[in-house]
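Protein chains: 2
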Amino acid sequence: MPQPSSLTKGERTRQTIIDAAHTLIVEQGYAGTSMRQISERAGLALGGIYNHFPNKEAIFVEVIISKHPFHQVLPLLQAAPGDTVEEFVRNAAKRMIAELGRRPDFIKLIFVELVEFEGRDLPRMFQVIFPQVLPLVQRFQSHEGELRPIDPFILFRAFLGLFISYYMTELLLAGIPAALKPENSFDSFVEIFLHGVIAAKDN
Amino acid sequence: MPQPSSLTKGERTRQTIIDAAHTLIVEQGYAGTSMRQISERAGLALGGIYNHFPNKEAIFVEVIISKHPFHQVLPLLQAAPGDTVEEFVRNAAKRMIAELGRRPDFIKLIFVELVEFEGRDLPRMFQVIFPQVLPLVQRFQSHEGELRPIDPFILFRAFLGLFISYYMTELLLAGIPAALKPENSFDSFVEIFLHGVIAAKDN
DNA sequence: CCTACCGATCGGTAGG
DNA sequence: CCTACCGATCGGTAGG
């Protein structure tokens, strides 16, 4: 959400173009979205776009970088409370799944990046993202005592994977009769993960 | 892999078109692939395609149905040996990860279906797939004694999710310095899953 | 199954 | 920032 008041007119127009492109690309993919559609949605003439971006791909690169899920997701995870790993994971999971429900575009953006751009921008993305990942890895690390011996980076990766696997299988199994789908599936996913990583209690 | 000798000429041409479209769509997406590219790769004139398919979308529907990862993956899982859940999971995981390495197109096909077709074909897909899923669910069910109390369908879903989460995070974290990536990450994923689902032993 | 074509739309630009 | 345009390419078809 841009704050028009703090931006110059040119910056506002630029942001409008990025927002328009983001919406369309998530709905139709990159190749399926035309510069004319973007210009219409942004409320200017086709030629006007080229005052702000040299070409179509440059718009996408801006979209993928500024709208990347990690920007919302990582701060969300960092802010999750919890004095033990178990509490933290439960809280973080609850927040994540709520956010994913609110933003179905998250996965689609990643798909477009992976298929239509073959992940070309991922290395650059990661430079921006990495400083935010580190404190999460360390948060697991500082609770080593509660955990089975697992490399903390793998732990973080499996933690991320928990959401990805839930969300992807949700999409993939969309065709399944609802009667077969147990309620609270996500809670079960969280329990499996917790049992998988937390050391057996001594008592 | 088609067997030309057992097909009529028309069927062979049709298959050639599907194969060509599959390759191109996985590389460039659906909207990014033109009918002319498909015709060139299949070795016939543009107009010739329309003797076999009414339009572009019909080709994709055939591609997604006949090349869907589940066709390779489910038989692979079913054939995995193992008298206990633990053995089965380890064997199945080994086979799956080898197959995923061999067929990077798997995930891309799913992405195209999900983004460019909004999962429209998934319900129909699932009708074809479901009979193959059932025996796998039952296989978990028949070893209930070894497992924590988890709905067998969720168990299957989490099992599928194990591969998806490993593979997706592998792609997503592609930008990361290799020095930070622990070796044998996949084995760790399998261990976390096993600890998550297998009941604590009595001894 | 090919040739030759259709109208529509594409990304991008010149010129103001 | 818009108007008017460029050549190229798109999905699809008629006619043989």
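Sequence lines, in order, name chains A and B.
Residue numbering for the first sequence follows the numbering used here, starting at 865 and increasing by one per position.
Residue numbering for the second sequence follows the numbering used here, starting at 865 and increasing by one per position.
For glycine and all other residues, C-beta sits at the position ideal for the given N, C-alpha and C.
Quantities reported herein were computed from a predicted structural model and do not represent experimental measurements.
Residue i, DSSP secondary structure in three states
i	result
Ile-1014(B)	coil
Ile-1062(A)	strand
Asp-985(A)	coil
His-935(A)	helix
Ile-1056(A)	helix
Gln-867(B)	At Gln-867(B), the pLDDT of 47 sits below 50, so the modelled position is not reliable and the matter cannot be decided from this model.
Ala-1022(B)	helix
Ile-1028(B)	helix
Gly-1039(B)	helix
Val-943(A)	First, the amino acid is wrong: residue 943(A) is Ala here, not Val. Helix, per DSSP.
Contacts that residue i makes with chain B (C-beta to C-beta distance below 7 angstroms)
i	result
Met-1068(A)	An answer regarding residue 1068(A) cannot be provided, because it is not within the stretch 865 to 1067 covered by chain A.
Ser-870(A)	Neighbours of Ser-870(A) on chain B: none; closest Cβ ~31 angstroms, over 7 angstroms.
Residues that residue i contacts on chain A, provided the C-beta gap is smaller than 7 angstroms
i	result
Val-979(B)	Gly-893, Lys-972, Phe-975 and Val-976
Pro-1046(B)	Asp-1015, Phe-1017 and Ile-1018
Listed by chain order, chain A residues near residue i by CB distance under 9 angstroms
i	result
Thr-1033(B)	Arg-1021, Ala-1022, Leu-1024, Gly-1025 and Ile-1028
Val-937(B)	Neighbours of Val-937(B) on chain A: none; closest Cβ ~11 angstroms, over 9 angstroms.
Gly-983(B)	Leu-1035, Leu-1036, Ala-1038 and Gly-1039
Arg-1012(B)	Glu-1055, Ile-1056 and His-1059
Leu-1000(B)	Simply none; closest approach about 13 angstroms.
Range covered by the alpha helix (DSSP H) that runs through residue i
i	result
Glu-1047(B)	Note, Glu-1047(B): premise wrong, no alpha helix (DSSP H); not H, not E.
His-886(B)	873 to 892
Where residue i meets chain A, residues with beta-carbon distance less than 8 angstroms
i	result
Leu-940(B)	Near Leu-940(B) there are no residues of chain A at all, since even the closest Cβ is about 17 angstroms away, more than 8 angstroms.
Leu-964(B)	Here the premise fails: no neighbours, minimum Cβ distance about 14 angstroms.
Partners in chain B for residue i, counting only beta-carbon separations shorter than 8 angstroms
i	result
His-1007(A)	Going along chain B, no residue has its Cβ under 8 angstroms from His-1007(A), so there is no contact; the nearest lies around 16 angstroms.
Ala-1064(A)	Ala-1064
Where residue i meets chain B, residues with beta-carbon distance less than 9 angstroms
i	result
Gly-1060(A)	Glu-1055, Ile-1056, Phe-1057, Leu-1058, His-1059, Gly-1060 and Val-1061
Residue i CB to nearest heavy atom of the ligand ATP below 6 angstroms
i	result
His-1059(A)	Ligands displayed in this structure: none; no statement on the ligand ATP is therefore possible.
Segments assigned alpha helix (DSSP H), at least 4 residues, entirely inside the stretch 897 to 924 of chain A: 899 to 906 and 910 to 913
Using a Cβ-Cβ cutoff of 8 angstroms, what residues of the stretch 916 to 935 of chain B are near chain A? List them in chain order. none
At 4 residues or longer, and completely inside the stretch 949 to 1010 of chain A: list those alpha helix (DSSP H) runs for me, N to C. 949 to 966, 969 to 980 and 986 to 1005
For the stretch 872 to 904 of chain B, list every residue whose C-beta sits within 7 angstroms of some C-beta in chain A, in sequence order. Gly-893, Ala-895 and Gly-896
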